[in-house]
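The listed protein sequences derive, respectively, from chains F and S.
Going by this note's numbering, the first residue of the first sequence is number 37, and it counts up by one from there.
Going by this note's numbering, the first residue of the second sequence is number 37, and it counts up by one from there.
There are 2 protein chains.
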Amino acid sequence: MVSAYQNRKILVTGGLGFIGSNLAVRLVHAGARVVVVDSSVHGCGADRRNLDGVAADLRVIDADIGDAAAFAAELRASSVIFNLAGELSHIHSMRHPARDAELNAMSQLRFLEECARSAPGVRVVYASTRQIYGVPRYLPVDQTYPIQPVDFNGIHKYAATAYHLLLSSQKRLDAAVLCLSNIYGPRMALHIPGQGFLGNFLRHALLGRTIEVFGDGRQLRDPVYVDDTVDAFLLAGAARELKSRTWNVGGPEALPVAQIAAIVSAAAAAPEPVLRPFPEERKRIDTGSYSTDITRIREELGWRPRVTFAEGIASSLEYFRREPPDRLKPRAFQPLPKLRRRPLRHPRSLAV
Amino acid sequence: MVSAYQNRKILVTGGLGFIGSNLAVRLVHAGARVVVVDSSVHGCGADRRNLDGVAADLRVIDADIGDAAAFAAELRASSVIFNLAGELSHIHSMRHPARDAELNAMSQLRFLEECARSAPGVRVVYASTRQIYGVPRYLPVDQTYPIQPVDFNGIHKYAATAYHLLLSSQKRLDAAVLCLSNIYGPRMALHIPGQGFLGNFLRHALLGRTIEVFGDGRQLRDPVYVDDTVDAFLLAGAARELKSRTWNVGGPEALPVAQIAAIVSAAAAAPEPVLRPFPEERKRIDTGSYSTDITRIREELGWRPRVTFAEGIASSLEYFRREPPDRLKPRAFQPLPKLRRRPLRHPRSLAV
């Protein structure tokens, strides 16, 4: 699989972010000519330091994916486009729905239209999310699960998922969509609040603080280590023919959240976790237990998660202990309005 | 039901359009104090003449629903908001996806946020579409049918549907969503291309032309007469407690398209229809046969379609024969780019 990327030009959107940077680093090591596109939108986890060690071996374009016309030549030259740009915070999306719509839907629409124009038929591997399925009625969740997002982030990630599928059904793109469960590991944006409970747990543990678990702690989650996740992207990007266009990606174990907290705190020698009532804001968008049916991706792409949760947490702690302490610094939510106008490229009026 | 609207202030978005104007006229006759909001976006079917006869009895606000802050006082004063603004053309949406996203998703998001702010808990009855279900795998289609839109219009109408449901689950709105099958009748925008096959058939028949049926003509459709459709909106707006939030609305008969064409042409004394191969552009977004399971709306809202297709077509022909001939004038698609800038009200940047 790795040899499939040797000397090939690969574009990674959101390549300064958590999963995107892990993917970019691996692609560089696999001998690919990597171009990262990332506009470092505040709150989305982009960090130049994520590319430490490979910065000289790839190129970073500081651009919004919605302005893809500006880097159309890069699209044309790319063998595969890994599309990981976006906002993942459910909490941000509930506080600023229009911002989430702009980042996760409108920008994706403009980007994919430009891909279809400049690089017709190109393979685009998209980082979608289990959040599009909402609150599961049965477990584990497979790809035929009804679409029922419970927050704005899920609605807009679903819209972008549908854009990928629609343009592929029209043979204008060759998209592969990965619906990701909870991903964790090195290069997570631990300092940004609202990025999911695993980052929160890791930060607390690294700072020697007590992890707070909301609710009774019995909800299941199946965390996926980021290296395994990167494998799934590489396999989807390299597969010759796609039997499907969507695959759910989940971890090796479905664990109660309380046990996840206990494993993290024990590994970091932090105090034992405590249970706390759900804050109202989080309760409203909570999705209950979740676990992933990975049958399809195992059978069609030959992927399975290899790293146990305990192993993945040990590697994550090791990584962050070598990093400067400000990567852990918890900051409060602090919206800073900054208006930005964007011309509507398509006509609002149609003479008919 | 009609008495439920007497003297109540009712807001109708898209009230100059096809279904919206029929609804507004009925509300005026029911004694409601009606405010129509419509920005007459070209290509969406708004026509001042649709309100002929009641223009003096209601108020029309010329505003984009996305700018709802400008008429927040009207939202606050409204007992019920009927939300019918939008672009319904699948063909337009495929040619101008970003325009469709702006009209059907972004504007709706801004509008609903303003409703939730200015009129928390207000009943909003939304005109959604069967298009969110895409190509049916079984018939008739009920409300639990998987979401699988096959065009941009379906994706964005689904996003707006999800906004209504999400804000209702958060108790910020009290939304009722009607997923409409093919609606026809007086005040249809017959002169605008790409508004669905029924308008096309009616226009051809009224002009004495031969109706062209694409494909083998065996696909099923269950057209709903607009007066029946208006009944469904009025019932959803007046219901005290909503047992559900979505209802599929379909017609009294599922008929093959060739038969639909034959009924229309015979009623208008136009030539017999002919079968033609599908144009590629239409083929790609065709959804095959469709018929609606109306069990839920019948049981929960007491609605059923009363007008047979033959009766509805007779009334429609009668209406349009009294109208000036330019309402039938078929015009070609002729996109006229006209950029319009819109400030992003929410921060793209979040200091975190």
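We treat Cβ as the ideally placed atom computed from N, Cα and C, and that holds for glycine.
No experiment lies behind these values; they were computed from the predicted model shown.
Apart from the five residues just before and just after residue i, which ones in its own chain have a Cβ nearer than 6 Å to its Cβ?
{"i": "S:A68", "result": "Y41, R44, I46"}
{"i": "F:G53", "result": "G81, A82"}
{"i": "F:I191", "result": "P185"}
{"i": "S:R334", "result": "R340"}
{"i": "F:A22", "result": "There is simply no residue 22 of chain F to check, as chain F begins at 37 and stops at 388 in what is shown."}
{"i": "S:S39", "result": "none"}
{"i": "S:H382", "result": "Any reading at S:H382 is ruled out, since the residue's pLDDT is 47, under 50, leaving its predicted position unreliable."}
{"i": "F:H200", "result": "Y162, A211, V213"}
{"i": "F:V90", "result": "V61, V64"}
{"i": "S:Y169", "result": "V177, Y181"}
Distance cutoff 7 Å, beta carbons only. Does residue i sit that close to anything in chain F?
{"i": "S:Q404", "result": "A question about residue 404 of chain S goes unanswered here, because the residues of chain S that appear run from 37 up to 388."}
{"i": "S:G53", "result": "no"}
{"i": "S:P156", "result": "no"}
Got a sec: is the Cβ-Cβ distance from residue i to anything in chain S below 7 Å?
{"i": "F:M224", "result": "no"}
{"i": "F:L364", "result": "no"}
{"i": "F:V388", "result": "At F:V388 the pLDDT is 39, less than 50, meaning the model places this residue with poor confidence and gives no usable figure here."}
{"i": "F:H382", "result": "For F:H382, the predicted model reports a pLDDT of 47, less than 50, meaning its position is unreliable and no value from the coordinates is stated."}
Give me, in chain order, the residues of the same chain whose beta-carbon lies closer than 8 Å to that of residue i; leave out the 5 immediate sequence neighbours on both sides.
{"i": "F:F419", "result": "It is not possible to answer for residue 419 of chain F, since the shown part of chain F is limited to 37 through 388."}
{"i": "F:S205", "result": "none"}
Enumerate in chain order the residues of its own chain whose CB-to-CB distance from residue i is below 7 Å, with the five nearest sequence positions on each side excluded.
{"i": "S:D264", "result": "P341, R342, V343"}
{"i": "S:V388", "result": "Residue confidence for S:V388 is low, a pLDDT of 39 falling below 50, so the modelled location carries little weight; the figure read from the coordinates is stated next. Closer than 7 Å at Cβ, skipping near neighbours: no residue."}
{"i": "F:A155", "result": "L111, R112, S114"}
{"i": "S:S75", "result": "D98, A99, D100"}
{"i": "F:G251", "result": "F314"}
{"i": "F:R318", "result": "F250"}
**Request:** Mind checking the segment 183-203 of chain S against chain F and listing, in chain order, the residues whose C-beta falls within less than 9 Å of any C-beta there?
**Result:** I183, Q184, P185, V186, D187, F188, G190, I191, H192, Y194, A195, A198, Y199, L201, L202
**Asked** At a cut of 8 Å, does the segment 295-311 of chain S reach the segment 260-276 of chain S through at least three beta carbon pairs?
**Response** no
**Prompt:** Does the segment 173-187 of chain S come close enough to the segment 221-238 of chain S that 3 or more CB-CB pairs lie under 8 Å?
**Reply:** no
**Request:** Within the segment 84-170 of chain S, note down every full alpha helix (DSSP H) run reaching 4 residues or more, in order along the chain.
**Result:** 108-113, 126-131, 133-137, 143-154
**Prompt:** Closer than 7 Å, Cβ to any Cβ of chain S: which residues of the segment 270-301 of chain F, in chain order?
**Reply:** none
**Request:** Would you list, in sequence order, the uninterrupted alpha helix (DSSP H) runs of no fewer than 4 residues that lie entirely inside the segment 293-370 of chain S?
**Result:** 293-304, 316-319, 331-337, 345-358
**Prompt:** the segment 122-153 of chain S: which residues have C-beta closer than 8 Å to a C-beta of chain F, in chain order?
**Reply:** Under the 8 Å Cβ criterion, the segment 122-153 of chain S contributes H128, H132, P133, A134, R135, A137, E138, L139, A141, M142, L145, R146, E149.
**Item:** chain S contacts made by the segment 303-320 of chain F, where a contact means CB separation under 7 Å
**Value:** R320
**Asked** Which ranges does the alpha helix (DSSP H) cover as unbroken runs of at least 4 residues, wholly within the segment 218-250 of chain S, from first to last along the chain?
**Response** 233-242
**Asked** Pairing CB atoms from the segment 192-208 of chain F with CB atoms from the segment 140-156 of chain F, are three or more of them under 8 Å?
**Response** yes
**Prompt:** On the three-pair Cβ rule with 8 Å, is the segment 211-224 of chain S touching the segment 249-269 of chain S?
**Reply:** yes
**Asked** Quick one: any contact between the segment 231-238 of chain S and the segment 293-300 of chain S, if contact means 3 or more CB pairs under 8 Å?
**Response** yes
**Message:** Quick test of the definition: if touching needs 3 or more C-beta pairs under 8 Å, does the segment 345-353 of chain F touch the segment 273-282 of chain F?
**Reply:** no
**Three-pair Cβ contact test at 8 Å for the segment 277-294 of chain F versus the segment 327-335 of chain F** = Yes: the two stretches touch, three or more of their Cβ pairs being nearer than 8 Å.
**Request:** Would you be able to state if there are at least three C-beta pairs under 8 Å between the segment 80-99 of chain F and the segment 57-68 of chain F?
**Result:** yes
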